[in-house]
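Asker:
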DNA sequence: CTTCATATTGATAATCAATATCATGTATAA
DNA sequence: TTATACATGATATTGATTATCAATATGAAG
Ligand SMILES: [Zn+2]
Ligand SMILES: [Zn+2]
Ligand SMILES: [Zn+2]
Ligand SMILES: [Zn+2]
């Protein structure tokens with residue numbers, strides 16, 4: 219058990235430092251709930267909604283409230299530790315941002331499977347669009363939708 | 219006044235036919251509120267939310283209720299007359315889809331100005347991503363964010 | 001260690017977009 | 001016209017998120 223906790227702490231070190239720096243710079247305080255939310259978020263290696271994150275947080279510390287999870291995930295976003303995108307079906311979803319290179323998403327409209335990809339040609343073409351209209355780039359959201367190989371197979375069967 | 223109404227009717231002819239065909243094929247009925255919502259939607263040449271559309275509809279016919287506007291804009295989407303995308307700040311927004319070629323959006327994060335563009339290189343690169351992962355394309359959403367020329371100038375001043 | 005100003009918390013109420021419900025009104029075909 | 005199924009507007013409801021607020025915890029200063 220202690221080993222696991224130690225391993226977690228090792229993995230967390232940088233992210234924790236990023237959060238602490240952000241808090242210090244904004245006269246905010248490090249608290250137990252905020253650490254719990256950060257740890258839980260970092261332990262989930264996929265896209266999560268605030269609700270899903272709350273469930274996970276609640277499992278390891280039932281005293282943490284929903285509101286705090288919503289507040290903290292926004293904080294993580296501002297601190298550069300999380301990235302968010304609005305999901306077409308309602309709830310906003312979040313993913314890791316620190317030490318996770320920019321990527322776009324390819325989602326199966328049938329089963330929801332998500333492929334994360336990065337494509338140089340797309341990025342370069344986007345840069346040229348920015349230049350064409352004289353805009354200064356500050357980010358973008360690209361989601362490709364389609365039918366994944368296994369759902370295509372099922373549909374043919 | 220009559221002239222304007224006639225002009226509107228001319229512009230509407232095709233779109234109205236598209237909706238009528240869709241309604242007939244689905245055993246649905248053409249009604250006054252549905253026509254009003256369609257006319258109003260087509261008269262607005264920019265992205266609108268259901269709420270904004272309701273306000274415009276209400277101006278020309280106060281008897282039409284909000285629920286009907288929500289229902290009808292979804293209907294227009296299904297009929298291929300409207301396209302929607304979820305806006306980062308909350309409400310879903312809609313734009314014309316009939317006889318409006320696919321395009322992507324470049325939005326100023328400062329003033330909200332939107333440039334609609336279409337870029338062959340981006341579309342081709344996306345097609346190659348679909349092939350790479352064996353997905354069958356069914357659509358995509360791309361929004362570039364940045365600072366428009368005039369906001370860049372203001373920022374420098 | 002104690003003080004103390006200030007930030008944070010969890011519970012709850014409130015907001016916002018979007019849907020569901022339902023009694024009443026209306027389109028359309030026979 | 002008459003029947004039938006669909007559509008409507010008002011209203012209640014949902015679901016995600018945010019605001020409010022009294023009680024608590026943090027962290028810097030003394
Ligand atoms: Zn699939
Ligand atoms: Zn991702
Ligand atoms: Zn601008
Ligand atoms: Zn557009």
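Protein chains in written order, with the numbering used here: chain A, 219 to 375; chain B, 219 to 375. Don't be surprised by glycine CBs; every beta carbon is placed ideally from N, CA and C. Given the structure is predicted, the values throughout are model-derived calculations rather than measurements.
So the candidates are 272/A, 314/A, 326/A and 269/A; which of them puts its Cα closest to the Cα of residue 301/A?
Answerer: For residue 301/A, the nearest C-alpha among the options comes from 314/A.
Asker: Taking 7 Å as the CB-CB cut-off, is residue 358/B touching chain A?
Answerer: So, interface residue.
Asker: Check whether the Cβ of residue 251/B lies closer than 7 Å to any Cβ atom in chain A.
Answerer: Not closer than 7 Å to any Cβ of chain A, the Cβ of residue 251/B fails to qualify, so no.
Asker: Go through the stretch 288-330 of chain B residue by residue and report every complete run of the beta strand (DSSP E) that reaches 3 residues or more, in order.
Answerer: Segments of the beta strand (DSSP E) lying fully in the stretch 288-330 of chain B: 300-304, 310-314 and 322-326.
Asker: Interface residues of chain B around residue 237/A at Cβ under 9 Å?
Answerer: None at all; the shortest Cβ gap to chain B is about 24 Å.
Asker: Using alpha carbons as the reference points, say which of 318/B, 333/B, 316/B and 317/B lies closest to residue 324/B.
Answerer: Nearest option by C-alpha distance: 333/B.
Asker: Tell me where the alpha helix (DSSP H) around residue 183/B begins and ends.
Answerer: For residue 183/B there is no data in the structure shown, the boundaries of chain B being 219 and 375.
Asker: Given the structure, does residue 371/B come close to ligand 3, in the sense that its CB is under 6 Å from one of the ligand's heavy atoms?
Answerer: No; taking the cut-off as 6 Å, the Cβ of residue 371/B has no heavy atom of ligand 3 nearer than that.
Asker: Counting along the chain, where does the alpha helix (DSSP H) carrying residue 246/A start and finish?
Answerer: No alpha helix (DSSP H) holds residue 246/A; DSSP gives it neither H nor E.
Asker: Please confirm whether residue 316/B and residue 364/A have their CB atoms less than 7 Å apart.
Answerer: No; because the gap between Cβ atoms is not below 7 Å, this pair is not in contact.
Asker: From residue 239/A to residue 370/A, what does the alpha carbon distance come to, in whole angstroms?
Answerer: Whole-angstrom Cα-Cα distance: 47 Å.
Asker: Please classify residue 233/B: is it buried, with 16 or more other beta-carbons within 10 angstroms of its beta-carbon, or exposed?
Answerer: Classification for residue 233/B: buried.
Asker: Let me know if residue 350/A comes out buried or exposed under the rule of 16 or more other beta-carbons within 10 Å of its beta-carbon.
Answerer: Exposed is the call here.
Asker: From the DSSP output, in three-state form, read off residue 282/A for me.
Answerer: The answer is coil: DSSP assigns residue 282/A none of H, G, I, E or B.
Asker: Any heavy atom of ligand 4 closer than 6 Å to the Cβ of residue 334/B?
Answerer: Under cutoff, so the answer is yes.
Asker: Can you list, in chain order, the residues of its chain with a C-beta nearer than 8 Å to that of residue 271/A? Leave out the 5 residues immediately preceding and following it.
Answerer: Excluding sequence neighbours, residue 271/A sits near 255, 258, 259, 262, 287, 291 and 312.
Asker: Just to confirm, are residue 359/A and residue 361/B a CB contact at a threshold of 7 Å?
Answerer: Taking 7 Å as the Cβ cut-off, residue 359/A and residue 361/B qualify as a contacting pair.
Asker: Indicate, with yes or no, if ligand 4 has a heavy atom lying under 6 Å from the CB of residue 269/B.
Answerer: Not under cutoff, so the answer is no.
Asker: Just confirm the distance between the C-beta atoms of residue 339/A and residue 343/B, as a whole number of angstroms; I'd bet it's less than 8 Å.
Answerer: Right, the Cβ-Cβ distance comes to about 4 Å (below 8 Å), so this counts as a contact.
Asker: Relative to the alpha-carbon of residue 248/B, which residue among 293/B, 308/B, 277/B and 298/B has its alpha-carbon at the smallest distance?
Answerer: Among 293/B, 308/B, 277/B and 298/B, the Cα nearest to that of residue 248/B is on 293/B.
Asker: Any heavy atom of ligand 2 closer than 6 Å to the beta-carbon of residue 354/B?
Answerer: No, Cβ of residue 354/B sits at least 6 Å from all heavy atoms of ligand 2.
Asker: Throw me the rounded Cβ distance for the residue 304/B and residue 366/A pair, which I believe falls under 8 Å.
Answerer: With 8 Å as the limit, residue 304/B and residue 366/A do not qualify as a contact, their Cβ atoms being about 22 Å apart.
Asker: Suppose you measure from the CA of residue 230/A to the CA of residue 298/A; what does that come to, to the nearest Å?
Answerer: Spanning the two alpha carbons is a distance of roughly 15 Å.
Asker: Round the Cβ separation of residue 327/A and residue 356/B to the nearest angstrom and send it over; I've been treating them as touching at under 8 Å.
Answerer: So it is a contact: roughly 6 Å between Cβ atoms.
Asker: Measure the C-alpha to C-alpha separation of residue 252/A and residue 310/A and round it to an integer number of angstroms.
Answerer: Spanning the two alpha carbons is a distance of roughly 20 Å.
Asker: What is the DSSP secondary structure of residue 225/A, reduced to helix, strand or coil?
Answerer: The pLDDT assigned to residue 225/A is 42, lower than 50, so where the model puts this residue is not dependable, and the model offers no usable value.
Asker: With DSSP as the reference, label residue 377/A as helix, strand or coil.
Answerer: This structure cannot speak to residue 377/A, because chain A is shown only from 219 to 375.
Asker: How many angstroms separate the CA atom of residue 289/B from the CA atom of residue 295/B?
Answerer: Roughly 10 Å between the two C-alpha positions.
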